[in-house]
Structures are given as C-alpha cells and as structure tokens.
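The structure appears right after this line, and notes come after that.
Chains as they are written, first to last, in my numbering: chain A, 1 to 514; chain B, 515 to 925.
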C-alpha cells in the first residue's frame, strides 16, 4: 500500500511539473512570437534578393538605346527583376496561386495573369514551366531611369501541362517578347508584355572534333577507341574525391597503377552540392582540372559523371542545374583528357520517387544544354540496368549501363539491348564484392571475385564490349548517403576493389584488363 | 462438272470476301490516325473581338486546346463536347500578341498553329504618359523626357509608327511636334529655356488628348554675390545680434535663386578661429545672424553657396564694451563680488554675461569658476570645505578685461 501511495504521489508531482513546464514554454513562445514581426529587414525587402533561385542563360545583346546610356547597376537590377518576374510567373502557373505576382507585375499587368490562373484553377490545370534562354536587347531607357523597354528574343520556354494530375502535353516553345518595365517601390515591374513571334526550336549541330561516334564505334583522333576502364575513387576518400583531403600525388600514383594494368579510361564523379550547386566553387574546378591534366599526362581518358547526389528534377530547379553544368563543362570544352560527360549516375532509380517524366525531361534538356556548352565531347547517361538503357538513345552519343545481376544472364541481356540500339554500348559499371566476413558469412570470397572477373573478361572479349569495372580499391568508410546506414550494405560496398585497403592486389587484379 | 463450277464460285466468293475485308481493315486503320483541319480562315484578330477556332476532325474525338500567349498558357475545352470548336477566353482575346495553340486529341497533338491579335483601333484610345524628371534647371542644357504610350481600351500598346502629337507651353512659347511611336512608346526630350518657371505638357493621339502635366524649371546655378552687415552698435557686448545680408542672388540668366537655397557665412576672427552661421534665401536674399563677440575683435566674413557661388569678404570690428569693473572681497575674502558691470552707456550689462574666475595656489591652477551675470553682478563663494585656508592668486576675466589679485588670504 505504501509503495502505491508513493507511486501516485510521484506521478502527481511529475505531472504537475510537466504541466508547469508546458505552460511556461507556451507563454514564452507566445511572448517571443509577439515581439517578432516588425523587423526592418522584412519591411524593407532587404533579404528578398539573397538567394538566386532562377538562373536561365541571359545574354544582353546590346544596351545602346536612344533614351539614355544605362548604368551597370541598373542593368543588373533590371535583369534580376525581369528573371524574377518569369520565375514568379512560372511558380504561379504551377500552383495556380498568384503568390508574389504583385511584386513583379504592375497593377494593370497582373490582372491578366490572375484571370488566367483562375481559369486554369477551375479546370484543375497545372503548368510546370521554365525558361532556359533569354537574349535581351535594350530598346529604351528613360531619362529619369524609371521606365525601360526591352526585347527578349529566342526565349526558350519548356512547359509541361497537367490536367487532373495527368500529363497532357510536354512542349518547348521559342518566342520573342517585347516588355516594358517600370521602377516601382524599388522593383522593376512588368507593365506591358507582348509576345511578338514564335519560332521553331533550333537544333544543335554536333561538331565533335577529336572524339566521334560512327555507327556503334567510338573514334578518338580517327582511331577506333575501345574503352577498357575502371570507376575511380581514391582509397582514402571515396565519394569525396575533391574534398579537403584531396591529394593529387595519391591520384597520380593510382593513375600509374591503372595505366600499368592495361586500362585506358577512368570514370569519376562530380557531386552537385559539394561543387557549389549553381555557383561552382573555383577551388573545386581547380582540383578537377588537376585531375584531368594528370590523366592527360598519363594518357588516360576520363568519363566525368555530373550531378552526383542530385535529386530534385523539378522544372523550377532546371536553370540552377544548367548553370552548374555550364560552369563545369564550358571550362573543359577543349580538354583532351575528357572522353564523355555522363549526365547522371543511375537516374532511373529516381523514377519512382521523382516521377519518370520529370527525370527524363530534365535529362533531355540537360543533354541539350551540355552539347551547347561543349560540342567536342560525347554525352552519355549511366543507366543502372539494361532495361532503362534504351531511354533517350537518340539524344546521347553512347549508351551506358550498369550490370550487377547474375553473370550468366548477362550475355542474353546484352544481346537484347544491342539489337535495340544503334549506338556504342558501354558497360559502365560491373563488379563483385568479395564481401565474405562477419556481415556476410556466405558472401563471395576474393577467389570467387577473381573468378567472376575472369569469366566477365571472356564475355567482354567475345563481344568486344566497352567496359569500366567497379572499382579500384576496397574502402575503409562508405558514406551513409551512398547505400544507406545499414552495416551489411556498407560492408558489401567496401569490398568491390581490385586492391585491398592495405594496398595489396587481390587475386582479381590479374583480370582487371584481360 | 457441276460441283467444280460450284467450287470455283465458292473460291471466287471467298477470295472476294478476303480481299474486301483486308481493304476494309486497312481503311479502318487509316481512320485510326485522326487528322484535323482548321476551318477558321482568319489568322489576325482585333483585340476584344471574340476569337473562335473551329477544327474539322476526320473522326470525332474528345479534344482540348492548349494556348500560349503573352501572359502565360491555358488549356480550354470545346464549347460543345462533340465538336472541336473553341472560343478563346476573353482575357486572352483581349491581349495583343501572338497566340500559339496546339490541338490535343486523346493521344497527343493533332494540329499546331498560331494567330495574331492586334490592338483594336476602333475602341477609344487611351494615353499613358510618363514625365520625368519632374524638375529641371534653366539654361537649355537640362531636359525632361515626355513618354507617351498610346493604347487601345484593352490596355494594348498600339502598333509602332502610330503618330503621337506632343506639345508644351512655356511663358508665351507654344510648341507642338509629331513623333512616330516605336517600341510601344512615343517620346521626346524637352529642354529648358533661359527663364525659370513652369512648363506645361500634353499629348494627343487621334481624338484623345492626355491630361495636362507640368514640369518645374528652377533657376540655374547662382552667380557670385555681395554681402553687407547690419548691427545695432559696434560694441562687443556678447548680447546684440549682427546680421549679414546678401544681395539678391541670381543665376547667369537673371533668374532669382529659388527660395530656401542655403547660404553659409564663414567668419574668421583675430585669432584665426572660424565661426559659422547660415541662412536660406527668400526672394533671392539670405540673412545670417550671429551674436556679437564678448570682447574686442575684428571679423572677416565671407558667404558661400557650397560648390556654386561665393561672396566678397567683409571686415567689421567690435570695440570693447567696458574699460574696468569693480571686485570686492568679503567674509574673509571668501565671498567675491564682481560688478556692477556697466556698459558704454552706463547701463548695467544685460544678464547672462560670462564671468570667469581662475584660482591659483603655489602657481598651480586649482580651479576655474564660470558664472553668468545677474543684474550686472556676479558672486563667487569659496566655501571652507572646498578651499583650505591659505594664500591664493585669483584671475578674473569678463568682456575681454582681465584682472589679477595676488596673495589673497582665505581663513
């Protein structure tokens, strides 16, 4: 009885204390809410321009106008607000709510948008759209700096139209606009906007010089090129090749190992966020340049996989990824170590979570973008299986796929794919983890791994397949973002190498290239 | 023989059926691919008129029309379920520009095309005017810009090369000119004249006349000017006010400087210290005021309109207001009475005159006391708690006169 009483007592005391804590917390939250709000930064729109969310390619064709010479600062403000107006409009048509429209369209202009949105909302239509290119010429700038007329030619508008959440239409339009903007409350707002012309999209002509694809063969400097390669990460820094521990000497030594083993190609990865997203960090580019230069001196070709760990394919995010690609790709347009740009690693794995049409549309536009920035190198996509590999086959220069399934079904899968496509096929990843150990007691041993590669090399030889194996090293650590947090998964991913973590060649090394 | 003939007929019939059925199915297959033809003949519409796009389909199917215009995209349904007749919504039919459309069938697009909507000149023309800057300066170098956007009543800018009459009035000048609009606007620069004043502006397109607008023309930069002084007497009493008055300041075209222009008066005294006062102009004249000095001094005054114009240098002298004053020591010398201070007309000096007393002990300054006069008199009390007994030297300064008292013994 005494025990029970004490339990009741303590329960009452604890609940009393709990109620008091909750009460105090509630009061403090209310008070802190009441004291926030009228801060100056939000009143003066100071934080508004902080992060750029919309970065289509905008080129000022000329700024000569009869009104008055324009200042650089004004030009920048107009550009920023004009693009924001597009972004806000795109976002509004996606959600059918006029959020932010009043900031970038004058009272008379915004009426048209609002009516249009109401009409679309009634019919349950959502339009996901973005613009990728603007070529702006300044027609007029007024003496008092309050009014400007611009002509925007060749505006590429990608639109995806949904009705009742079903895809109705995917379209890419190219139009010319004449736009009048006025400076109101510190914003350049659109006052008049007139679509002047519509023209059909232009096609990018491939002008590959040193690297070409003819039929299903790859030619480098007019010689047929057979990819014998490996996916490469340094042993100490897997999935973080360009991080703080970047060491070009370690990479150079590894390149020697790869070259001496009889291979001619490596595949490396550019993480999207670590490279700075839309604003690529120069120090990262510098490191990438070192790696590519080193590869060039060692006579290795490089397949550069972009957008690693990128997962947002939404239409409104397109322009940011375009700028990311532009900064990287255009830097190395003339670098002769590069064989191909691999747009994305295994994008088909995102079909379920991000929507197949989202992913494919993004890839298609990205190929188009990259070919504009760099017509000299090939473009491919690293599909995770042979089934998806046929997708976008007309857009890519070579078709890359990964194979981790049963080795005995490979030949068949390869033949099926080969009969479907007319471009070079690259087995871009394959391998077996010698994962036998605590987490995988029945996993393959190092001998079995060697045997696997021996068998695979025979198939490769028979069919003359371009290949890149996974991977050079066993790793000590695998980041959770790669295969998840489960230790047995990580364990497997640690043992795919030809060389173990102590630097000893595993039996499989004999079959790395033959 | 008979059965043979029958067989042949049967065979023939069979072949016929086969052939016709094949032909029929191919026809059916062809029909699977739906084609559409636009029946509407017009490709150019005036804004505000109803726009109907009527398509003829080879097979009636459910259709939708995707339309893309200046302010965004929409999808519309036919006005009747079975036809492919679309009425472009009013808000889109009212806006100038190219409208691209795509006719959508059940599986993909059937027809692409575009129409052009032009501004409707049959409606009342509206004028949107922007004038800036709203004030300029005289002299013919500065200008204001008048921008006119001629529009139809649906807020569409009229087509380029619309004639816009732009005119203005200033004093007895009235000018008009016709400009052709380009890039949505008709515009002109209006340069100022030599006189200051107000320019009235207007514009006209067709029958529509704009509102009246005005631009203020302010005088141009001021020219150099003269100053003079005005004071009640020449004595340095620290009490009266001396005024500095400028001549009427004008620009080089003879326009009187705008009211409220700031003039700074810089005064240099004998010691080289700079004093400063200022005044703003009324009817071209500015007045700066400053207190007389409280000691004999000579001032050199120069006025500036910073960055634009300056005046001549004026020199004025102030004479001493008194020659001497009395000092009385009471209460064991601890109460010091200075005064009465009497001015040049034997009046008591006005209250507020500063009297300063320095105390020295063993040639070390130990304190400075400052008081203002009241009824011509100042009293200092040296209290026992603060000033120990002993001998002090005392210096007293007032109105530029200094007196010294050595070895004053406090008890």
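Yeah, the Cβ is synthetic: ideal placement off N, Cα and C, and Gly gets one too.
For residue i, the residue or residues it bridges with in DSSP
i	result
residue 662/B	643/B and 700/B
residue 757/B	744/B and 803/B
residue 13/A	According to DSSP, which records beta bridges pairwise, residue 13/A is partnered with nothing at all.
residue 175/A	155/A and 198/A
residue 368/A	Paired residues: none, contrary to the question.
residue 60/A	136/A
residue 150/A	138/A and 179/A
residue 907/B	874/B
residue 301/A	265/A
residue 794/B	776/B
residue 313/A	The partner list for residue 313/A (beta bridge, DSSP) is empty, contrary to what the question assumes.
Three-way DSSP call (helix, strand, coil) for residue i in this model
i	result
residue 851/B	strand
residue 426/A	strand
residue 53/A	coil
residue 459/A	helix
residue 838/B	coil
residue 128/A	strand
residue 250/A	helix
residue 808/B	coil
residue 5/A	helix
residue 822/B	coil
residue 845/B	coil
residue 28/A	helix
residue 691/B	strand
residue 273/A	coil
residue 353/A	helix
residue 588/B	strand
residue 82/A	helix
residue 116/A	helix
Beta-carbon proximity list for residue i, same chain, < 7 Å, skipping 5 on both sides
i	result
residue 647/B	658
residue 584/B	609 and 611
residue 309/A	271, 272, 273 and 481
residue 280/A	324, 327 and 328
Rounded separation between residue i and residue j - CA only
i	j	result
residue 725/B	residue 276/A	54 Å
residue 606/B	residue 632/B	12 Å
residue 402/A	residue 461/A	18 Å
residue 114/A	residue 98/A	6 Å
residue 120/A	residue 663/B	31 Å
residue 559/B	residue 628/B	11 Å
residue 782/B	residue 817/B	11 Å
residue 53/A	residue 317/A	8 Å
residue 964/B	residue 696/B	Nothing about residue 964/B can be reported from this structure: the residues present for chain B run from 515 to 925 only.
residue 721/B	residue 713/B	23 Å
residue 916/B	residue 737/B	46 Å
residue 87/A	residue 130/A	7 Å
residue 669/B	residue 638/B	11 Å
residue 227/A	residue 471/A	15 Å
residue 796/B	residue 774/B	6 Å
Sequence-distant residues of its chain with Cβ nearer than 8 Å to residue i (five each side left out)
i	result
residue 151/A	136, 137, 139, 176, 177, 178, 179 and 196
residue 907/B	873, 874, 875, 877, 918, 919, 920, 921 and 922
residue 702/B	659, 660, 680, 691 and 693
residue 295/A	255, 266, 301, 302 and 337
Local Cβ density within 10 Å of residue i, reported as buried at 16 or more and exposed below that
i	result
residue 193/A	buried
residue 238/A	buried
residue 596/B	exposed
residue 557/B	exposed
residue 859/B	exposed
residue 798/B	buried
residue 112/A	buried
residue 551/B	exposed
residue 365/A	buried
residue 682/B	buried
residue 163/A	buried
residue 424/A	buried
Residues near residue i in its chain [Cβ-Cβ closer than 6 Å; skip 5 each side]
i	result
residue 905/B	921 and 923
residue 616/B	580, 623 and 626
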